[in-house]
Every structure is written in C-alpha cells, then in structure tokens.
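Notes for the one structure printed next.
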C-alpha cells in the first residue's frame, strides 16, 4: 500500500522475489525505502489456490502500522494511500454485512478447468469465432481477427467467477436478492478500509480502469473508450450479473478515506492500480515504446502503446495501463507462467524433489496442457546442469515473448526495464540481453509494483509535481548490454524449442 508523508504506503499483492502470492504493505520515503511482509496461499484441494481474507486483513493492517512505526513517523503525517494488487484474484461478499462467501480465489486456481474446456468447445464460442472471421474477411480488422481466435483460460477471472456463481448456493441467493458484491483484492480492501461507507452512498464499492481491463468482461474498442463501462454483451454471454460488479473510476481518484478506528486518523485512499500496470508506472515507462519485463512468479512483458489498444493474434492482449483525468495509457501484454516457481524448484534440487513446476503456458504457444520436462539427460548430467537448463529456459521464453511483441505490436522499442525478484539473477539478465540484442535496465528496487502505487498516490496528493520529476528520481542499479550475438545461442534454442513441442498437450490425453 502506498503512504505519503513525505511518505507513501503501497500495498502490492503479487510477486516479490520469487514468492507466489502475497500482500505487501510498503512504506515509501523520499529515499524510496521499502518494507514488506508476505501472505501465504492455502491449498484446500488439488488445483485449488486461495488466500484467507481474514488472515490477509489482519496482516495487512499490522504491517502498515509496523512500517509507519519503523519509519519514525506518525499516522497523522500520512497524506495518501495507494494500492497495487493482483489483478485476477477475487472474492464475493454480502453487500449488507460485509461477510465474505468464500476465500480469495487466486489467479493460479484451476477449479474451473473443466468449465474452461467446455466453453472453449461450446457452440456459442464457435459461432462467435465464425462471425468474427466473416467480419475480418470484409473489414480486415485486427480486432476481429483477434476475437476469432479468442479462448478462455483458467487465469481469466470470468469463468472462475462463473464457477462460484454455479456452485455456491449462498452466492446464488445473494445475487437473487441483489445483495452480492464481487471484487478483486483492491475492491475488497477498499471496502474494509472504509468500512463500506462514503458520503452520500450506502456502500463504498469501487475499482479502477487498469483492473477492469484485465477481467475480460469487455473488449478494448473505440466504443469502450467512449463509454468506459462494463460490457453488457460480454457479461450476458457468460451469465454474470452486472449488479455484482463494482463501478469503475480513474486510477488516481479520491476513493474515500480509511475509517478512523483502523489507524486512528482518516487517511485518503487516492490510487488503485493493477500490479503489472503499477510496475510500468514505477519503472517510469511513460512513453510509447517503453517496455517493462517483470520476472517474478510469472514473466510479464508489457509495452506502452500510447492512447490506442493494440490487438494481437499471438497471445499479447490489450490493457489499460492507467487513466488519470483525460490521459488514458494503453499497454499490450504477454506472459509466461512458472518463472519464479521454476527457480524455487531449482533451489530445492539439492534438498528435495517432492515438488515440481506445474504445466507451463505462454505466448505464442498458449498451451495450458503443456508439462514441465527435462530432455537429453545423460549419465554425466548433474543438478547443476538442470539448474542451468531452467535458467536458460527463462531467457529463451523472454526471447520468444520479445520476438512475438516485435512481430505483432510493431511499435519501435525505446527503453527496456526489468523488475521482479528473478531479475536479481545476472545470468538470466545477461542472456536475455544477448538473445534480444537490446540493453536492459535493472532498477535499484526490484518491486516496481509497490513503487508504482506509491508514486501514483504521491502525484494525486501533490507530493510530486509531475511524471518528469519521477523520471529524475528513478534509480538504476545496472544496465545489461549485449555481449554475445544471439546466433551463438541459436542451436541451443532450437533444441529447446523441439523439447517444448514434445512437452505440449501432455495433460490432454482424453
């Protein structure tokens, strides 16, 4: 969470280092010092990944208090709060009582896998694909081409929410009584912090455009930019009632104030933002063509596409980066899973082999049935060879993502900046720089998502004058420059790509 005193406290609910899921309250001073604490996942059944909301809330409040105390400031000095959280982890709760109906459902959760498979094979989606192919034939619209290839995944909130609506009777009853609220972590925390109240409104129930654009309940089109609202068409197709969805506001906005009983003083909440968009802002990727490479639990490659959404057939998807007043910044994003997960597994090689990475799926392959595998093992292969293979695979995937971005988005790259815990690995950073033949800037602080929420809140309350001042304050630890031609890796990458193809569709044996 972001606090500004001269301090801004920023809460982030995704990757720090190579951890899986966490909520990280952070105190940011003028020297940009960061304090945080992790919140662990719970696994009630195989494939189910959740976060206990009560545990998250207690730890969230405690860590903010501890961070403020450690900084030697008073709560009364805090002038603004901002939050950066996971975008696709959600919860539903009772509108009247605030009681949650279930734990947070993580973006990694697989309970809706069969529902996803059913929808992807459904007549509705086939008709949608067919109609869009016809429209693309006559219009040559890239949007129509993209939609004609669209398929659901378990990472989308959409069908995980549908699963909840279909399987929890308590939620079904609340929806019928117009007594159900849906929200990602930011919306729920805002509701808790303000105790559900704001002037002239019965409840405080809001989110921002950066997060709305990640929920796949709209398509980024000129109509969306004109209306900036949830899509009735998309919601009706998957039978999600619009009544449970939060109103959407600017990324920097007066969302209300924290109830005095929590921290002793009312603190304005002035920024809500999705984690990857927040990292883009924290990296000062403000210009069209600026690129961010986040390597944490997963890998996320984002490029600033200016004020227009860019559609791709290869796995990159358009997002709203942030909306501040009249400024709307769009991103195109591609991702690869199990980056930090694979690193953790590699760290355990010398200790235990009881855990293993899950199936990997990433642009441009987008195969949820792929498996993790080692190929070409010999008698002389040691655990050090396996660790190197894992690190090389991360760099190779970065190369694939970058090449796909260059092919599909076609916007000249101006800067590339890395963040996330895995960017601390110099081998991966240097190899990625060699493979893409570009300079990559590694910042002094790896958790740019926290910093982004802090700076958004700081701008909102006037702590910083403008984005140019933030660019001057940005600290770079090291710039990796290409040292080898990527062709020196070409044979190894070709062998890796062959291994990847053999690992695809592994879990789809029915």
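Residue numbers (full-length UniProt numbering): 1 to 510. Even glycine gets a Cβ: it sits at the ideal position worked out from N, Cα and C.
Inset, instruction - State yes or no: is the C-beta of residue 160 within less than 7 angstroms of the C-beta of residue 105? - result: As a first step, residue 160 is located in the chain shown; it is residue number 160 there, counting from the start. As a first step, residue 105 is located in the chain shown; it is residue number 105 there, counting from the start. A contact, by the Cβ cut-off of 7 angstroms.
Inset, instruction - On a CA-only basis, which of 258, 174, 51 and 75 is nearest residue 511? Give me that one, please. - result: A question about residue 511 goes unanswered here, because the residues of the chain that appear run from 1 up to 510.
Legend entry - CA-to-CA distance, residue 402 to residue 489, given in whole angstroms: On the chain shown, residue 489 is found 489 positions in, with the first residue counted as 1. On the chain shown, residue 402 is found 402 positions in, with the first residue counted as 1. Roughly 16 angstroms separates the two Cα atoms.
Legend entry - Continuous beta strand (DSSP E) assignments of at least 3 residues falling wholly in the region 211-275: 269-274
Inset, instruction - Pick helix, strand or coil for residue 138, following the three-state DSSP scheme. - result: Position 138 of the chain shown, counting from 1, holds the residue named residue 138. DSSP places residue 138 in helix when its eight states are reduced to three.
Inset, instruction - State the beta-bridge partners of residue 50 as determined by DSSP. - result: The residue labelled residue 50 in the question sits at position 50 within the chain shown. For residue 50, which the question treats as bridged, DSSP gives the partners 42 and 105.
Inset, instruction - Note the first and the last residue of the continuous beta strand (DSSP E) segment covering residue 477. - result: Reading the chain shown from its first residue, position 477 is the one you call residue 477. Looking at the DSSP string, the run of the beta strand (DSSP E) that includes residue 477 is 476-480.
Inset, instruction - Use the C-beta contact count for residue 426: other C-beta atoms within 10 angstroms, 16 or more gives buried, fewer gives exposed. - result: Here residue 426 refers to the residue found at position 426 when the chain shown is read from its first residue. Under a 10 Å Cβ-count criterion, residue 426 is classified as exposed, with fewer than 16 other Cβ atoms of the shown protein chains found around its own Cβ.
Inset, instruction - In the DSSP assignment, find the unbroken beta strand (DSSP E) run with residue 92 in it and report its ends. - result: Position 92 of the chain shown holds residue 92. Residues 90-94.
Inset, instruction - Evaluate the contact criterion for the region 410-417 versus the region 233-253: three or more CB pairs, one atom per stretch, below 8 angstroms. - result: Inter-segment contact for the region 410-417 and the region 233-253 is absent: fewer than three beta-carbon pairs are separated by less than 8 angstroms.
Inset, instruction - Round the Cβ separation of residue 282 and residue 451 to the nearest angstrom and send it over; I've been treating them as touching at under 8 angstroms. - result: Here residue 282 is taken as the residue at index 282 of the chain shown, counted from 1. Here residue 451 is taken as the residue at index 451 of the chain shown, counted from 1. Right, the Cβ-Cβ distance comes to about 4 angstroms (below 8 angstroms), so this counts as a contact.
Legend entry - When 419, 177 and 423 are compared against residue 280, the one with the closest alpha-carbon: Here the question's residue 280 lines up with position 280 in the chain shown. The shortest Cα separation from residue 280 among 419, 177 and 423 belongs to 419.
Legend entry - Proximal residues to residue 47 (C-beta, below 8 angstroms), its chain only, five neighbours per side dropped: As a position in the chain shown, residue 47 is number 47, starting the count at 1. 109, 110, 111 and 113, listed in sequence order.
Inset, instruction - Could you tell me whether the Cβ atoms of residue 447 and residue 484 are closer together than 7 angstroms? - result: In the chain shown, counting from the first residue as 1, residue 447 sits at position 447. In the chain shown, counting from the first residue as 1, residue 484 sits at position 484. Against a cut-off of 7 angstroms, the Cβ pair of residue 484 and residue 447 comes out as no contact.
Legend entry - Span of the beta strand (DSSP E), counted from its first residue to its last, around residue 317: In the chain shown, residue 317 corresponds to position 317, counting from 1. For residue 317, the enclosing beta strand (DSSP E) stretches over residues 317-324.
Legend entry - Bounding residues of the beta strand (DSSP E) (the contiguous stretch that carries residue 334): Taking the first residue of the chain shown as 1, we reach residue 334 at position 334. 327-336 is the span of the beta strand (DSSP E), which, as asked, contains residue 334.
Legend entry - Same chain, Cβ closer than 8 angstroms to residue 406, neighbours up to 5 away in sequence not counted: The residue labelled residue 406 in the question sits at position 406 within the chain shown. Within its own chain, the residues whose Cβ lies closer than 8 angstroms to the Cβ of residue 406, once the five positions on either side in sequence are excluded, are 413, listed in chain order.
Legend entry - Contact the region 293-311 vs the region 181-196: 3+ CB pairs below 8 angstroms: no
Inset, instruction - Compute the Euclidean distance between the alpha carbons of residue 494 and residue 130, then round it to the nearest angstrom. - result: Locating residue 494 in the chain shown gives position 494, counting from the first residue. Locating residue 130 in the chain shown gives position 130, counting from the first residue. Using only the alpha carbons, I get a separation of about 35 angstroms.
Inset, instruction - Provide the residue span of the beta strand (DSSP E) that contains residue 418, from first to last. - result: Translated into positions along the chain shown, residue 418 becomes position 418. For residue 418, the enclosing beta strand (DSSP E) starts and ends at 415-419.
Inset, instruction - Put residue 441 into one of helix, strand or coil per three-state DSSP. - result: Your numbering for residue 441 matches position 441 in the chain shown. Three-state DSSP puts residue 441 in a strand.
Inset, instruction - Rounded to whole angstroms, what's the CA-CA distance from residue 207 to residue 458? Just pull it up for me. - result: The residue you call residue 207 lines up with position 207 of the chain shown. The residue you call residue 458 lines up with position 458 of the chain shown. Distance between the alpha carbons of residue 207 and residue 458 is about 19 angstroms.
Inset, instruction - Pull up the distance between the alpha-carbon of residue 475 and that of residue 287, whole angstroms please. - result: By 1-based counting over the chain shown, the position of residue 475 is 475. By 1-based counting over the chain shown, the position of residue 287 is 287. So the alpha carbons of these two residues sit roughly 18 angstroms apart.
Legend entry - C-alpha gap between residue 78 and residue 424, whole angstroms: Mapped onto the chain shown, residue 78 falls at position 78. Mapped onto the chain shown, residue 424 falls at position 424. About 32 angstroms.
Inset, instruction - For the region 330-338 and the region 294-307, state whether three or more C-beta atom pairs, one from each stretch, are separated by less than 8 angstroms. - result: Between the region 330-338 and the region 294-307 there are three or more C-beta pairs closer than 8 angstroms, enough to call the two in contact.
Legend entry - C-alpha gap between residue 303 and residue 285, whole angstroms: For the purposes of this step, residue 303 is taken as the residue at position 303 of the chain shown. For the purposes of this step, residue 285 is taken as the residue at position 285 of the chain shown. Spanning the two alpha carbons is a distance of roughly 8 angstroms.
Inset, instruction - Tell me whether the beta-carbon of residue 477 lies closer than 7 angstroms to the beta-carbon of residue 444. - result: For the purposes of this step, residue 477 is identified with residue 477 of the chain shown, where counting begins at 1. For the purposes of this step, residue 444 is identified with residue 444 of the chain shown, where counting begins at 1. Contact flag set, yes.
Legend entry - CB of residue 305 within 7 angstroms of CB of residue 273, strictly: As a working mapping, residue 305 is identified with position 305 in the chain shown. As a working mapping, residue 273 is identified with position 273 in the chain shown. For residue 305 and residue 273, no; Cβs fall outside 7 angstroms.
Inset, instruction - Sort out for me which residues DSSP pairs residue 289 with in a bridge. - result: One-based indexing of the chain shown puts residue 289 at position 289. Residue 289 pairs with nothing; no bridge assigned.
Legend entry - Residue of 343, 385 and 491 minimising C-alpha distance to residue 421: Residue mapping note: residue 421 aligns to position 421 of the chain shown, counting from 1. Ranking 343, 385 and 491 by Cα distance to residue 421 puts 343 first.
Inset, instruction - Return yes when the Cβ of residue 266 is within less than 7 angstroms of the Cβ of residue 260, no when it is not. - result: Your numbering for residue 260 matches position 260 in the chain shown. Your numbering for residue 266 matches position 266 in the chain shown. In contact: residue 260 and residue 266 (Cβ atoms closer than 7 angstroms).
Legend entry - Close-in-space but distant-in-sequence residues of the same chain around residue 316 (CB under 7 angstroms, 5 per side omitted): Here residue 316 refers to the residue found at position 316 of the chain shown. Closer than 7 angstroms at Cβ, skipping near neighbours: 332, 333, 334, 363, 404, 405, 408 and 409.
Inset, instruction - Report buried or exposed for residue 388, applying the criterion of at least 16 other Cβ atoms within 10 angstroms of its Cβ. - result: Along the chain shown, one-based indexing puts residue 388 at 388. With fewer than 16 other Cβ atoms within 10 Å, it is exposed.
Inset, instruction - Could you tell me how far apart the beta carbons of residue 441 and residue 479 are, in whole angstroms, since I believe they sit closer than 8 angstroms? - result: Sequence index remark: in the chain shown, residue 441 carries index 441 (1-based). Sequence index remark: in the chain shown, residue 479 carries index 479 (1-based). About 5 angstroms; that satisfies the 8 angstroms criterion.
Legend entry - Whole alpha helix (DSSP H) elements within the region 141-172, 4-residue minimum: 142-147 and 157-167
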